[in-house]
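First up is the structure itself, then whatever we jot down about it.
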Amino acid sequence: MPRTEHRFAAIDLGASSGRVMVGQVGPDTLTLHEVHRFPNEPVHLNGTLHWNILSLHQGVLTGLKAAAEATTTTLTSIGIDTWAVDYGLLDATGSLLANPVHYRDARTATTADTVWAAIPPPALYAATGLQHLPFNTIYQLVAARGTPALAAAHRLLLIPDLIAYWLTGEAGTELTNASTTQLIDPRTRSWSTQVADALGIDLSLFPPLRNPGSPAGHLLPDVLAATGLPHPTPVTAVGSHDTASAVVGVPATTPDFAYIATGTWSLAGLELDAPVLTEASRAANFTNELGVDGTVRYLRNIMGLWMLQECLRTWESTGGEHHLPTLLEAAAEATPLRSVVDAGDPAFIAPDHMPDRIADACRRTGQPVPRTPAETTRCVLDSLALAHRRAIEDAARLSGRTVRTVHIVGGGVHNTLLCQLTADACGLPVVAGPAEAAALGNVLVQARTAGAITGGLTDLRALLHSTQPLRQYEPTGDHSAWDRAAARLGDAQVTGAATGQGDEEEPCA
Numbered sequence: 482m483p484r485t486e487h488r489f490a491a492i493d494l495g496a497s498s499g500r501v502m503v504g505q506v507g508p509d510t511l512t513l514h515e516v517h518r519f520p521n522e523p524v525h526l527n528g529t530l531h532w533n534i535l536s537l538h539q540g541v542l543t544g545l546k547a548a549a550e551a552t553t554t555t556l557t558s559i560g561i562d563t564w565a566v567d568y569g570l571l572d573a574t575g576s577l578l579a580n581p582v583h584y585r586d587a588r589t590a591t592t593a594d595t596v597w598a599a600i601p602p603p604a605l606y607a608a609t610g611l612q613h614l615p616f617n618t619i620y621q622l623v624a625a626r627g628t629p630a631l632a633a634a635h636r637l638l639l640i641p642d643l644i645a646y647w648l649t650g651e652a653g654t655e656l657t658n659a660s661t662t663q664l665i666d667p668r669t670r671s672w673s674t675q676v677a678d679a680l681g682i683d684l685s686l687f688p689p690l691r692n693p694g695s696p697a698g699h700l701l702p703d704v705l706a707a708t709g710l711p712h713p714t715p716v717t718a719v720g721s722h723d724t725a726s727a728v729v730g731v732p733a734t735t736p737d738f739a740y741i742a743t744g745t746w747s748l749a750g751l752e753l754d755a756p757v758l759t760e761a762s763r764a765a766n767f768t769n770e771l772g773v774d775g776t777v778r779y780l781r782n783i784m785g786l787w788m789l790q791e792c793l794r795t796w797e798s799t800g801g802e803h804h805l806p807t808l809l810e811a812a813a814e815a816t817p818l819r820s821v822v823d824a825g826d827p828a829f830i831a832p833d834h835m836p837d838r839i840a841d842a843c844r845r846t847g848q849p850v851p852r853t854p855a856e857t858t859r860c861v862l863d864s865l866a867l868a869h870r871r872a873i874e875d876a877a878r879l880s881g882r883t884v885r886t887v888h889i890v891g892g893g894v895h896n897t898l899l900c901q902l903t904a905d906a907c908g909l910p911v912v913a914g915p916a917e918a919a920a921l922g923n924v925l926v927q928a929r930t931a932g933a934i935t936g937g938l939t940d941l942r943a944l945l946h947s948t949q950p951l952r953q954y955e956p957t958g959d960h961s962a963w964d965r966a967a968a969r970l971g972d973a974q975v976t977g978a979a980t981g982q983g984d985e986e987e988p989c990a
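For the sequence shown, our numbering assigns the number 482 to the initial residue and increments by one for each residue that follows.
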């Protein structure tokens, strides 16, 4: 008899950790369990912040070995999703020329003027549909001009494509992640020669584009030996930008939904059939990233739980209260909307001293300064809920869509206070879950490619809705209080200019 259930490995690399998860999928079955987790710890070297990519690759191999040992049946395939925009450079022999540079590195701090002198922001947005992110790949490549590594490069591989290359020996550029480079035309879903030529970027560095669901090769002999997996074990291209996979993992039952992929960053928006390339969209700092099945992820990047994570780190180092459940309990009892800050302010991008920077922002806007960790925590969560509301309202207005339900996925679903505050701020029901949306979306695309399930995104989401634990939050309280809080920030908000590279499902709950 043919197999009715298949097992798939999802390699899911986030900002602070990586994990390998095994999903079991059948027509009425969808389960997921973690088999290995490993740290992702950037390294400062000679004044530059790098990803420790070889350590990550070793973590992947260890995780695949654990996946092989955890399953009684052969893995049907493997898929990879990670954060966006960063890349590795290879020489003509396929060897890595240098450790990939972290998107938080300061090398792109002064490149925007160089890019905009070559192609002004309105023309750049009209060509690519991407919001201004100071660390998009085009800014990194401009910053890398004249470096020995770029001069010697034969290939440029984005991070998930680099991991796939080391596993299979086959090079490709997966489309959803390629769209974050700011080198893709979202209308044609192909490279923008206009932008590349204006900036002197050699598109031949990139291997051919791959769509989600395309084959990405089979595991190399040395990988098979290291993991114990059998030949042939295929790798399947999925939505390799983790947010693309997370949006697949939204368990929506109707098309009138907005999503918020939460974690270190919040990515809030809509799923569309075509990009919105208007000047009003550019001014509102919305991005048109490509999604699975020809969709567009029309969204705004918001600071997310990074602010709270950094506060916790500061309080731990200074001996303050840093036990998150205790803080959330106290924050729930704190005065609502006493102080709010703009969660898109670039002042909050950098690590360290986050409580002080939040206090400074409150002073600048004439609001009470939080006096305790609990008050700071409430300020952060109120501010995130306001940013979620503004992003969803703006996305609906700019796209002409109606939103009746908000879905929160990713690590933030565990933060029940944030979920309730988002429902209150938006005045809409919020459905929270699944937390592992990116890994689930990764597995679902693999499963459909393998024939374990069939159908479009609606069918995949129906399976999610029927199998995954979800929690619904109804709006409560005085909705006008949120209007007044938003008015305190007014036009000073920067609509999410300080943005992230993916939902990076790191919990802060």
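Built from N, CA and C at the ideal position, the CB exists for glycine as well.
Please classify residue i as buried or exposed, where buried requires at least 16 other C-beta atoms within 10 Å of its C-beta.
i, result
"P508", "exposed"
"N658", "buried"
"L535", "exposed"
"R488", "buried"
"E770", "buried"
"P806", "exposed"
"H804", "exposed"
"R736", "Looking at the sequence itself, residue 736 is Pro, so the reference to Arg does not match. With fewer than 16 other Cβ atoms within 10 Å, it is exposed."
"R859", "buried"
Between which two residues does the alpha helix (DSSP H) containing residue i stretch?
i, result
"N769", "Element bounds for N769: not the alpha helix (DSSP H) but the beta strand (DSSP E), T768 to L771."
"I873", "P854 to S880"
"L944", "L938 to T948"
"G544", "I534 to A551"
Can you tell me whether residue i is helix, strand or coil according to DSSP?
i, result
"H583", "coil"
"C989", "Note that C989 scores 41 on pLDDT, short of 50, meaning its location in the model is unreliable; the coordinates nonetheless yield the value given after this. DSSP places C989 in coil when its eight states are reduced to three."
"P641", "helix"
"L780", "strand"
"L486", "Before going on, a small fix: residue 486 reads as Glu here, not Leu. In this structure, E486 counts as coil in the three-state DSSP scheme."
"V676", "helix"
"H525", "strand"
"E814", "helix"
"V596", "helix"
"L705", "helix"
"H613", "coil"
"L970", "helix"
Per DSSP, residue i is paired with what?
i, result
"M502", "A491 and E515"
"Y620", "DSSP, once it has assigned bridges, lists no residue as partnering Y620."
"A697", "Answer is none; A697 lacks a bridge partner."
"G914", "DSSP, once it has assigned bridges, lists no residue as partnering G914."
"Q953", "V912"
"E791", "According to DSSP, which records beta bridges pairwise, E791 is partnered with nothing at all."
"R636", "L571"
"A749", "I741 and R781"
Tell me which same chain residues have a C-beta within less than 7 angstroms of the C-beta of residue i, skipping the five on either side of it?
i, result
"G650", "G698 and L701"
"S880", "L751, L753, V757 and Y779"
"R687", "For clarity, residue 687 is Phe in the given sequence; the question names Arg instead. Closer than 7 angstroms at the Cβ level, and outside the excluded window around F687, lie L637 and T654."
"E486", "Q505, V506, G507 and T510"
"A813", "L898"
"W532", "P523, D567, N580, P581 and H583"
Could you please give the first and the last residue of the uninterrupted beta strand (DSSP E) stretch that includes residue i?
i, result
"E802", "Here E802 belongs to no beta strand (DSSP E), and DSSP marks it neither H nor E."
"T557", "L556 to D562"
"V887", "T886 to G891"
"P715", "P715 to T717"
"I741", "F738 to T743"
Going by beta carbon distance, what residues of the same chain come within less than 6 angstroms of residue i, once the five residues before and after it are set aside?
i, result
"C989", "Because C989 sits at a pLDDT of 41, beneath the cut-off of 50, its placement in the model cannot be relied upon, and the following sentence gives the value as read from the coordinates. Excluding sequence neighbours, C989 sits near L786, L789 and Q790."
"L941", "L925"
"Q663", "T609, L611, N617 and I619"
"A824", "I783, M784, S864, L865 and A868"
"V894", "A913, G914 and A916"
"R500", "D493, E515 and R518"
"A573", "H635"
"L748", "T724, A742, L780, N782 and D984"
Only counting the same chain, and skipping five residues up and downstream in sequence, which positions put a Cβ closer than 8 angstroms to that of residue i?
i, result
"A608", "I600, D666, S673, Q675 and V676"
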